[in-house]
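Take the sequence shown: its letters are residues 121 to 265, numbered as in the numbering used here. The beta carbon of each residue, even a glycine, is placed where N, CA and C say it ideally should be.
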Amino acid sequence: MSNIDKQAQYESKFSRLWERYDEASHGNAEQMRDILEVTLDALESAERQILRLEKLAEAESVCADKAAASGIEWMKRCLAAEKRIAEMEALEVRLTDINEYLAEVHDKTLNRAFRLLAEGVRAGDVAAMRAAGINVSAAGKGEAS
Numbered sequence: 121m122s123n124i125d126k127q128a129q130y131e132s133k134f135s136r137l138w139e140r141y142d143e144a145s146h147g148n149a150e151q152m153r154d155i156l157e158v159t160l161d162a163l164e165s166a167e168r169q170i171l172r173l174e175k176l177a178e179a180e181s182v183c184a185d186k187a188a189a190s191g192i193e194w195m196k197r198c199l200a201a202e203k204r205i206a207e208m209e210a211l212e213v214r215l216t217d218i219n220e221y222l223a224e225v226h227d228k229t230l231n232r233a234f235r236l237l238a239e240g241v242r243a244g245d246v247a248a249m250r251a252a253g254i255n256v257s258a259a260g261k262g263e264a265s
């Protein structure tokens with residue numbers, strides 16, 4: 121329906137309203153006042169209803185915007201989680217062969233034990249030589265011990 125048709129329809133209703141007003145005003149002033157009060161009450165009620173519905177529509181719009189933003193945020197989180205899961209599934213960990221590890225630890229432990237034993241024996245020998253009155257000194261690098 122075009123704006124011209126809407127305007128014509130509005131003017132038609134408007135003119136009928138004024139015709140009724142003229143008919144009522146010729147009769148009784150009190151009846152006219154009652155008609156105007158009822159009309160005014162209806163208009164005020166309609167305005168309140170329109171205002172309430174506009175507020176409701178605005179609130180629904182805000183909620184829809186928040187829900188959309190929340191949905192987007194969750195989609196981003198899901199995509200990031202899926203990416204992280206794929207990275208972790210692709211991750212490969214290589215463990216040292218347990219036998220090699222134990223052999224290395226065993227060698228280190230034995231080497232340390234032999235060194236401590238040798239140091240202990242040497243310390244005992246040095247103490248015995250000093251007790252026998254032999255002068256013992258540490259040899260420097262490149263010197264014979």
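Problem - residue 256 vs residue 246 beta-carbon contact at 8 Å - result: Looking up residue 256 in the sequence shown gives position 136. Looking up residue 246 in the sequence shown gives position 126. Yes.
Handout entry: Own chain residues within Cβ distance below 6 Å of residue 160, not counting five before or after
Key = Translated into the one-based positions of the sequence shown, residue 160 becomes position 40. Cβ within range, chain order: n/a, list empty.
Exercise for the section: Can you grab the Cα-Cα spacing for the pair residue 188 / residue 179, in whole Å? Expected result: Locating residue 188 in the sequence shown gives position 68, where the first residue counts as 1. Locating residue 179 in the sequence shown gives position 59, where the first residue counts as 1. Whole-angstrom Cα-Cα distance: 14 Å.
Exercise for the section: Taking only runs that begin and end inside the region 166-225, name each unbroken alpha helix (DSSP H) of 4 or more residues, in chain order. Expected result: none
Handout entry: Through-space distance from residue 243 to residue 218, alpha-carbon basis
Key = Position 98 of the sequence shown, counted from the start, is the residue given in the question as residue 218. Position 123 of the sequence shown, counted from the start, is the residue given in the question as residue 243. Roughly 37 Å between the two C-alpha positions.
Handout entry: residue 155 versus residue 176: straight-line alpha-carbon distance, rounded
Key = Here the question's residue 155 lines up with position 35 in the sequence shown. Here the question's residue 176 lines up with position 56 in the sequence shown. Going by the C-alpha atoms only, they are around 31 Å apart.
Problem - C-alpha gap between residue 227 and residue 236, whole angstroms - result: Residue 227 sits at position 107 when you count from the first residue of the sequence shown. Residue 236 sits at position 116 when you count from the first residue of the sequence shown. Approximately 14 Å between the Cα atoms of the pair.
Exercise for the section: Take residue 252 and list the residues in its own chain whose beta-carbon comes closer than 7 Å to its own, dropping the five residues that flank it on each side. Expected result: Counted from its first residue, the sequence shown places residue 252 at position 132. For residue 252, where only same-chain residues beyond five positions count, there are no Cβ hits under 7 Å.
Problem - residue 265 (DSSP reduced to helix, strand or coil) - result: In the sequence shown, the residue the question calls residue 265 occupies position 145. For residue 265, the pLDDT reaches just 48, beneath the cut-off of 50, and the residue's location in the model is therefore unreliable, although a value from the coordinates is still provided. The answer is coil: DSSP assigns residue 265 none of H, G, I, E or B.
Practice task
From the DSSP output, in three-state form, read off residue 158 for me.
Solution key: As a first step, residue 158 is located in the sequence shown; it is residue number 38 there, counting from the start. Of the three classes helix, strand and coil, the one that applies to residue 158 here is helix, per DSSP.
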